[in-house]
Amino acid sequence: MEREHHQDLYERVYRIVQQIPRGKVTTYGHIARALGVRSGARLVGWALNAAKFDPEIPCHRVVNRRGELTGKMHFATPTLMRELLEGEGVRVSDNRVDLHQYLWVPPVVQE
DNA sequence: CTATTGACCTTCT
DNA sequence: GAGAAGGCCAATA
Numbered sequence: 715m716e717r718e719h720h721q722d723l724y725e726r727v728y729r730i731v732q733q734i735p736r737g738k739v740t741t742y743g744h745i746a747r748a749l750g751v752r753s754g755a756r757l758v759g760w761a762l763n764a765a766k767f768d769p770e771i772p773c774h775r776v777v778n779r780r781g782e783l784t785g786k787m788h789f790a791t792p793t794l795m796r797e798l799l800e801g802e803g804v805r806v807s808d809n810r811v812d813l814h815q816y817l818w819v820p821p822v823v824q825e
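Just so we're on the same page, this note's numbering is the position in the first sequence counted from 1, plus 714.
Written as structure tokens, this is what we have:
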């Protein structure tokens, strides 16, 4: 049995982010909860920050619990995240998306 | 090595 | 219902 290292956790985060359907978004808390760490939502942010230059990972589909685009300033341009979401049909108003309409809950990862 | 910060969340007041 | 505090894990100074 392999012990869980942080790299494995990062890999799981990337895997879930890649599974986010186009036109949908999810939150850091849901990803952390799907991974089993209830209060490890900040880790998701760090994981995405480490792979924000990877085009294979749609980091723009991850928002905070309020639906705000808190990570937009960490993209190449401050408006890139919003433009990517709008390009997928997600309506962004006041730097915020409607989670009741676009939220996608990731399945719980079982090992 | 300790202290502070960070793309956050839950719970208590 | 809104606001404050605590907690969690990892990275940086």
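Cβ coordinates follow ideal geometry from the N, Cα and C atoms, glycine included.
Q: Please list, in chain order, all residues of the same chain as glutamine 732 whose beta carbon is under 8 Å from its beta carbon, the five residues on each side excluded.
A: Glu770, Ile771, Pro772
Q: Flag this pair as touching only if the segment 772-782 and the segment 726-746 have three or more C-beta atom pairs under 8 Å; answer yes or no.
A: yes
**Q.** CA nearest to the CA of glycine 750, picked from Leu723, Ala764, Ala765
**A.** Leu723
Q) Can you tell me whether DSSP reads arginine 729 as helix, strand or coil? A) helix
**Q.** For leucine 799, the first and last residue of its enclosing alpha helix (DSSP H)
**A.** 794-801
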